[in-house]
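Residue numbers are given in this note's numbering: position 60 of the sequence shown equals residue 60, and the series is strictly consecutive. Virtual Cβ for every residue (Gly too), placed ideally from N, Cα, C. The structure displayed is predicted, hence computed values, not measured ones.
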Amino acid sequence: MTSNNQTLHAEISIIPVGTASTGISREVAAAFDAIRKTEGIKTTTLTAMGTQIEAYNIKAILNAIEAAHQAVKSTGTKRLISTIRIAERLDVSRTLEDDIESVNEKLRKEH
Numbered sequence: 001m002t003s004n005n006q007t008l009h010a011e012i013s014i015i016p017v018g019t020a021s022t023g024i025s026r027e028v029a030a031a032f033d034a035i036r037k038t039e040g041i042k043t044t045t046l047t048a049m050g051t052q053i054e055a056y057n058i059k060a061i062l063n064a065i066e067a068a069h070q071a072v073k074s075t076g077t078k079r080l081i082s083t084i085r086i087a088e089r090l091d092v093s094r095t096l097e098d099d100i101e102s103v104n105e106k107l108r109k110e111h
């Protein structure tokens with residue numbers, strides 16, 4: 001568990017296999033909705049390749065992953081392939097936006 005309200009970041013990508021169509025937006029919507037409704041999740045950001053989340057503890061992230069899996073399974077998907085990355089910074093608390101701004105700041109200095 002983190003202390004001092006430090007946040008953990010995670011990126012979750014669930015690929016449904018065995019759907020009736022090549023489109024997966026229905027399954028992605030179900031997963032995203034389940035993630036954003038998970039208790040303890042601070043921020044959810046949908047991207048073209050996955051969902052980025054912030055939470056104050058790893059349990060919330062793991063609960064969000066489980067909720068997303070259950071939601072996709074409930075759509076009738078026959079198989080799931082998931083990629084999960086979790087970043088935990090212990091020295092300071094930073095949001096996803098803080099990390100992006102840090103990179104943009106460095107890009108501005110180069111030009």
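Taking the C-alpha atoms as reference points, what is the distance between residue i and residue j?
i	j	result
Val92	Ala60	19 Å
Ser21	Ala29	15 Å
Ile15	Ala67	15 Å
Ala31	Lys78	15 Å
Gly40	Gly18	31 Å
Leu46	Asn63	18 Å
Leu90	Asn57	12 Å
In terms of residues, what are the limits of the beta strand (DSSP E) holding residue i?
i	result
Leu8	Leu8 to Val17
Are the beta-carbon atoms of residue i and residue j separated by less than 8 Å?
i	j	result
Ala116	Ile53	A question about residue 116 goes unanswered here, because the residues of the chain that appear run from 1 up to 111.
Lys73	Ala55	no
Thr7	Thr95	yes
What is the residue span of the alpha helix (DSSP H) that residue i lies within?
i	result
Glu110	Leu96 to Glu110
Ala48	Here Ala48 belongs to no alpha helix (DSSP H), and DSSP marks it neither H nor E.
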